[in-house]
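Worksheet: the structure to be examined is printed underneath.
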């Protein structure tokens, strides 16, 4: 059974995080046999789960073997996962009794890593003997690499302001329990080097900071208790440290683990910490309070001596090898706190766009309603596109962390839209294309709000260009009928788009192919930007007059997905989106599968970040933009899916009133409008009821006559997917 079907979103997040990264060493891991032994059973289970995730995501066919002293090592596993074909379990005795020695490519031992240690001689010797047994078994399996997971306690105590490097030892204070921890963890690390030399295997020691992981069962630290208390709004007491401590989220540990198996230099130690994750307990509590000011209740106690909760660690060594952490301490805190909430909610980071993500989505919805009004008026056919379409189908609204909205059209409708949109837009919204702004060379159309700033990393380089809050309008063009023709058309599109984009941004073209890149850079150096742009648009419309049966997203990022059947965009249905109704392709399932694969699977929790790298943002007077009111937009009986509908908004605009908070017309003052809302609402409700009753009566009359619907009516009936609409009811 696939791992994602059993784990919650927090567990699957850390399990799949490293395999989902672009630098995941899939080639080096394919077909390998990985043995996992747990001095800390919960941690070993987490390691096994990330290996399962890698197999599921990349079809690596790794064989995963779990070793344990006894069957208690299987505690916490889902029974369904123990039946997987890529998993085996052996006790130490069972493995030793095998007639044919079991060989392994990689051996991962969790040792004492972030394990709560009992400060007794018996426990010390038991841990040492257990480690010796595991390393002896590892020697018999002749692994290419033995990876020991250790932790910060091996560093000892360091002075304030000092970041301890891998081979720098701090002091040991035998009056504290930390001295016991230091000696035990250091002993296990020393045994690793001894057994590696004795049996001739290579090793890598990954020494982590204070380990955090939502849903891991690694609950042996006071910090886990702190985050649980924050989730419940309970009071927690912590000693205010003088020193700083390094933390790390488990996702970054697994990222380092895969690199340790694949390409890190062997027979050495690496420190693994999080991104911006070395802080004092006072700063940790301040971060927690900033994120959850209304529920965090922490008492920080003063102490003359540092409580020695951890160590500040220097991780420059592993970073220099290209293995850099991705999870900030702030993100880790949110994952830890939200995972302990009851009831659980779909995880979304709290700091999206400086807390303005809701306002941005309000603005985008206003855009969408205005585009819908224009398209209805001029009978222009359009669909929700990209992430907006995905949000409509999966969430019935915006994807919670999405900062973008898109619509798509076919070429004829797109050209018609461009010919009328500027005259229809309010005065504070600008049509932004390569024709309207000589500084803009974006291939698709944007609508931008004046007197705002929403500049991406790229567009911020052109401060004289309009960089207001934007809404994207894209065109899907026809491509060739033959397979080879479609392939050539796609490559020419990529070439011309690359010429324009890289010449615009003064960058060299590098598509991963040396010869192609060299040829493209030679062409880029010779032709002017204006010519490259003409070639780009000419290429997009190459098959405009032909009925080829295929389309492609020549303007958008999905161009790399290639072509798709034109029939997928032939018919339209209306779909709920943020309380309104908008058109989407009837074959949305096929289209979204073409774009995203299994589109019902959300991105892993830690990846729920905004899609655009906005570096300058100022919403100006729209910073408090309210959500447009919910409206009932029903397709009229017997009309085409692109036909105009006289909605309440259209009536308001005909009277010169504001239809949405973003779009300014010569409307009455806002205060007067607010006073009129109750009366208008009652009037609208009466009109809707009367219209629905009339529609219902007419439908019953038609059914009695049993008249066959015309082809046009048949097409229109397909658009009315909501059962409530068919029954003449108001969908609430």
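Residue numbers (full-length UniProt numbering): 1 to 732. Cβ coordinates follow ideal geometry from the N, Cα and C atoms, glycine included. In this text the structure is predicted, and so the values were computed from the model without any measurement.
Sorting 303, 59, 213 by C-alpha distance to the C-alpha of residue 42 places 213 at the top. Per DSSP, the continuous beta strand (DSSP E) segment holding residue 446 begins and ends at 445 to 449. Taking 8 Å as the cut-off, the Cβ atoms of residue 552 and residue 499 do not count as close.
Beta-bridge annotation (DSSP): residue 207 is paired with 150, 271.
Secondary structure at residue 202: strand, using DSSP grouped into helix, strand and coil. Going by beta carbons, residue 407 and residue 383 fall inside the 8 Å limit. Assigned with DSSP and collapsed to three states, residue 575 falls in strand.
Here the alpha carbon of residue 428 sits roughly 56 Å from the alpha carbon of residue 270. Counting along the chain, the unbroken beta strand (DSSP E) around residue 37 starts and ends at 33 to 37. The beta-carbon separation of residue 313 and residue 246, rounded to 4 Å, stays under the 8 Å limit for a contact. DSSP places residue 246 in the strand class (E or B) of the three-state scheme. Measuring C-alpha to C-alpha distances from residue 278 to each of 329, 111, 285 identifies 329 as the nearest. For residue 63, the three-state secondary structure derived from DSSP is strand.
Within the DSSP bridge table, the entry for residue 580 names 577 as partners.
In this chain, the alpha helix (DSSP H) harbouring residue 493 covers 483 to 504.
Setting aside the 5 residues that flank it on each side, residue 613 is surrounded in the same chain by 456, 457, each with a C-beta closer than 6 Å to its C-beta; the list follows chain order. Contact check between the region 365 to 377 and the region 413 to 425: three or more CB pairs, one atom from each, fall below 8 Å, which counts as touching. Taking the Cα of residue 618 as reference, the smallest distance to any Cα among 454, 421, 111, 63 is reached at 454. According to DSSP, residue pairing for residue 617 in a beta bridge involves 454. The Cβ-Cβ distance between residue 109 and residue 37 falls below 8 Å.
Considering only 315, 239, 267, the residue with the shortest C-alpha distance to residue 303 is 239.
Looking at the DSSP output, residue 478 bridges to 551. Taking a cut-off of 8 Å on C-beta distances, the region 56 to 63 does not touch the region 225 to 240, as fewer than three cross pairs fall below it. Scanning 181, 165, 35, 133 for the CA closest to the CA of residue 146 turns up 35. When C-alpha distances from residue 496 are compared across 466, 470, 528, 73, the shortest belongs to 528. In this structure, residue 155 sits away from residue 39, with a CB-CB distance that is not shorter than 8 Å. At least 8 Å separates the beta-carbon of residue 30 from that of residue 103. Taking every protein chain shown into account, the CB of residue 469 has 16 or more other CB atoms within 10 angstroms, so this residue is buried.
Residue 511 is classed as exposed because its beta carbon has fewer than 16 other beta carbons within 10 Å across all chains shown. Fewer than three beta-carbon pairs drawn from the region 120 to 130 and the region 160 to 175 are found closer than 8 Å, and the two stretches are therefore not classed as touching. A distance below 8 Å separates the beta carbons of residue 52 and residue 84. CA-CA distance, residue 390 to residue 577, rounds to 11 Å.
In this structure, 115 is the residue among 452, 115, 305 with its C-alpha nearest to the C-alpha of residue 184. Taking a C-beta distance under 8 Å as the contact criterion, residue 221 and residue 205 do not qualify as a contact pair. If you look at residue 223, you'll find it in the alpha helix (DSSP H) that goes 222 to 232. Residue 381 and residue 542 have their C-alpha atoms roughly 22 Å apart.
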